[in-house]
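Have a look at the structure below, then the notes.
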Amino acid sequence: MAASFASRCYRVGRSLMDGLQNFSNLPSTSREMACGSFLYQQQRTFIQMRTVLKVVDNSGAKKVMCIQPLKGKKGARLGDTIIASVKEAMPNGKVKKGKVVYGVVVRAAMQRGRCDGSEVKFDDNAVALVDKQGQPIGTRVFGPVPHELRQKKHVKILTLAGHIA
Amino acid sequence: MGASRKRITEQHRLEYKFLTLIEEWMYKVWTELCRFSGAKIYPGKGIRFVRSDSQVFLFSNSKCKRYFHNRLKPSKLTWTAMYRKQHKKDIAQEAVRKRRRTTKKPYSRSIVGATLEVIQKKRSEKPEVRDAAREAALREIKERIKKTKDEKKAKKAEVVAKQQKTQGKGNVPKGGAPKGPKLGGGGGKR
Chain A
1 MAASFASRCY RVGRSLMDGL QNFSNLPSTS REMACGSFLY QQQRTFIQMR
51 TVLKVVDNSG AKKVMCIQPL KGKKGARLGD TIIASVKEAM PNGKVKKGKV
101 VYGVVVRAAM QRGRCDGSEV KFDDNAVALV DKQGQPIGTR VFGPVPHELR
151 QKKHVKILTL AGHIA
Chain B
1 MGASRKRITE QHRLEYKFLT LIEEWMYKVW TELCRFSGAK IYPGKGIRFV
51 RSDSQVFLFS NSKCKRYFHN RLKPSKLTWT AMYRKQHKKD IAQEAVRKRR
101 RTTKKPYSRS IVGATLEVIQ KKRSEKPEVR DAAREAALRE IKERIKKTKD
151 EKKAKKAEVV AKQQKTQGKG NVPKGGAPKG PKLGGGGGKR
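Listed in order, the protein sequences are those of chains A and B.
Heads up: the first sequence at position 106 corresponds to 106 in full-length UniProt numbering, and the numbers run straight through without jumps.
Heads up: the second sequence at position 125 corresponds to 125 in full-length UniProt numbering, and the numbers run straight through without jumps.
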């Protein structure tokens with residue numbers, strides 16, 4: 001009975017979970033509490049309002065909270081742009097705390113289907129800050145970055161990236 | 001009108017071919033190996049997990065992915081390739097296969113003293129022929145020895161006859177002479 005519930009949960013997760021507004025607490029109860037039981041399967045969901053994301057460029061901001069996902073009823077996925085508010089920033093940076101910025105999601109814990117049928121998922125949710133025209137504000141991007149950005153025409157971020165997954 | 005239409009369709013066909021080639025390149029058309037279990041991942045299957053340190057993990061199914069995230073070790077799970085390798089299963093079969101492949105063949109090359117033809121002739125000789133040749137050679141040697149023996153015997157007989165003839169005349173000088181050839185004959189016989 002427990003098994004069936006868990007499997008149902010997993011199937012249901014992607015499509016219906018967002019409606020339940022369990023956004024950021026689930027990803028934060030992280031893998032560190034590694035339990036042997038398979039009931040602990042993580043349902044990763046979209047990036048919505050109030051999702052805190054890491055900033056991976058050197059624009060000055062450290063943590064950013066999503067205000068609005070552009071283009072997506074349920075939320076932003078890998079490669080989408082979001083509007084965010086800077087929550088934590090480095091003292092001398094181009095971007096200050098409290099500023100409203102645009103960002104491109106470069107890493108998402110939610111899996112994204114690739115055109116060959118496989119799926120990609122990253123370890124965390126991360127964003128690269130961008131201006132309204134889509135040009136990155138920072139000059140460097142840290143960590144791995146997916147192929148999907150090429151299709152979304154974020155080529156500049158790809159060129160700045162150190163590692164393309 | 002007909003000629004222009006023909007040209008258009010050919011171009012279209014080339015473009016289509018070009019596009020499909022690109023698409024083929026973009027799509028994964030090879031099998032990868034699961035990082036956890038060692039199983040083959042066919043195109044369209046599998047989950048790719050990219051860790052924050054840019055390390056990429058490929059899982060063949062959610063089972064492997066789940067075990068990985070729950071920090072289970074593949075070397076402790078009997079069904080994974082890592083376990084089998086560690087506990088040395090299936091290695092005997094592989095070793096047998098490898099041994100069969102290395103069998104040396106006789107290398108034909110001419111050497112100083114025997115050209116390639118001579119070597120090949122000797123190799124292709126039948127054992128009877130070889131035995132016959134050997135026997136013939138032995139017989140030859142035996143005959144040669146016999147001949148020398150006979151000669152020496154004849155010589156000795158001559159010398160003895162001569163000795164008997166001239167025994168009255170003088171023994172002392174002849175005493176030394178038969179000794180000489182006899183000694184030589186004795187040495188030869190040996």
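Think of the CB as a built atom: it goes at the ideal place given N, C-alpha and C, for glycine as much as any other residue.
In this text, all values refer to a predicted model and were calculated from it rather than measured experimentally.
For residue i, the nearest candidate out of the options (CA to CA)
i: SER62 of chain B; options: B:PRO127, B:THR78, B:ARG35; result: B:ARG35
i: GLN135 of chain A; options: A:MET110, A:GLY117, A:VAL101; result: A:VAL101
i: ILE47 of chain B; options: B:ARG144, B:ILE145, B:LYS65, B:SER37; result: B:LYS65
i: ALA109 of chain A; options: A:THR159, A:GLY98, A:VAL145, A:LYS97; result: A:VAL145
i: ASP123 of chain A; options: A:LYS132, A:CYS115, A:GLY143, A:ARG114; result: A:GLY143
i: ARG140 of chain A; options: A:LEU78, A:HIS163, A:LEU70, A:LYS71; result: A:HIS163
i: MET65 of chain A; options: A:HIS147, A:ARG44, A:ALA89; result: A:ALA89
i: HIS69 of chain B; options: A:GLN42, A:LEU78, A:LYS73; result: A:GLN42
i: GLU87 of chain B; options: B:LEU77, B:LYS142, B:ALA161; result: First, the residue type needs correcting, since residue 87 of chain B is His and not Glu in the sequence shown. Selected option, being the one with the closest Cα: B:LEU77.
i: residue 168 of chain A; options: A:LYS99, A:ARG150, A:GLY98; result: In the structure as shown, chain A starts at 1 and stops at 165, and residue 168 of chain A therefore has no counterpart that could be examined.
i: LYS40 of chain B; options: B:LEU58, B:LYS146, B:GLU151, B:GLN93; result: B:LEU58
i: ASP131 of chain A; options: A:LYS99, A:MET49, A:PRO91; result: A:LYS99
i: SER60 of chain B; options: B:ASP53, B:SER52, B:GLU32, B:LYS85; result: B:GLU32
i: TYR42 of chain B; options: A:ALA161, A:GLU119, A:LYS153, A:VAL155; result: A:GLU119
Beta-bridge partners of residue i, as assigned by DSSP
i: PHE36 of chain B; result: PHE36 of chain B is not bridged to any residue.
i: ASP57 of chain A; result: A:VAL141
i: PRO136 of chain A; result: A:VAL130
i: ARG107 of chain A; result: A:ALA126
i: MET65 of chain A; result: A:VAL52, A:SER85
i: LYS122 of chain B; result: In DSSP, LYS122 of chain B forms no bridge with anything.
i: HIS163 of chain A; result: A:PRO144
i: PHE121 of chain A; result: A small correction: the amino acid at residue 121 of chain A is Lys; Phe does not occupy that position in the sequence shown. For LYS121 of chain A, which the question treats as bridged, DSSP gives the partners B:PHE49.
i: ARG109 of chain B; result: Its beta-bridge partners do not exist; DSSP assigns none.
i: SER41 of chain B; result: Per the sequence presented here, residue 41 of chain B reads as Ile, with Ser not at that position. Partner(s): B:GLU32.
i: LEU58 of chain B; result: B:ARG48
Residue i at chain A interface by Cβ criterion, 7 Å
i: PRO74 of chain B; result: no
i: SER54 of chain B; result: yes
i: GLY44 of chain B; result: yes
i: ARG51 of chain B; result: yes
i: GLU10 of chain B; result: no
Within-7 Å CB hit, residue i to chain B
i: GLU88 of chain A; result: no
i: PHE142 of chain A; result: no
i: LYS121 of chain A; result: yes
i: HIS163 of chain A; result: yes
i: ASP124 of chain A; result: yes
i: GLU32 of chain A; result: Legend: pLDDT at GLU32 of chain A = 39, less than 50; position of this residue unreliable, no value from coordinates given.
i: LEU39 of chain A; result: In this prediction, LEU39 of chain A scores a pLDDT of 47, lower than 50, which makes its location untrustworthy; no coordinate-derived value is stated.
i: HIS154 of chain A; result: no
Interface residues of chain E facing residue i [CB-CB closer than 7 Å]
i: ARG48 of chain B; result: Chain labels in this structure do not include chain E; the protein chains are A and B.
Beta carbon of residue i nearer than 7 Å to that of residue j
i: ALA61 of chain A; j: VAL52 of chain A; result: no
i: ALA165 of chain A; j: VAL50 of chain B; result: yes
i: TYR67 of chain B; j: SER75 of chain B; result: no
i: GLY117 of chain A; j: GLY44 of chain B; result: yes
i: residue 230 of chain A; j: GLY72 of chain A; result: Chain A is shown from 1 up to 165; residue 230 of chain A falls before or after that span and cannot be answered.
i: LYS121 of chain A; j: GLN111 of chain A; result: yes
i: ALA76 of chain A; j: VAL106 of chain A; result: no
i: SER59 of chain A; j: ILE157 of chain A; result: no
i: THR80 of chain B; j: SER37 of chain B; result: yes
i: LYS74 of chain A; j: PHE46 of chain A; result: yes
beta-carbon residue i near the ligand ATP non-hydrogen atom, thresh 6 Å
i: GLU128 of chain B; result: As for the ligand ATP, it is missing from this structure, which has no ligand bound.
Inter-stretch contact at 8 Å, needing at least 3 Cβ pairs: the stretch 115-131 of chain A / the stretch 78-89 of chain A | Short answer: they touch.
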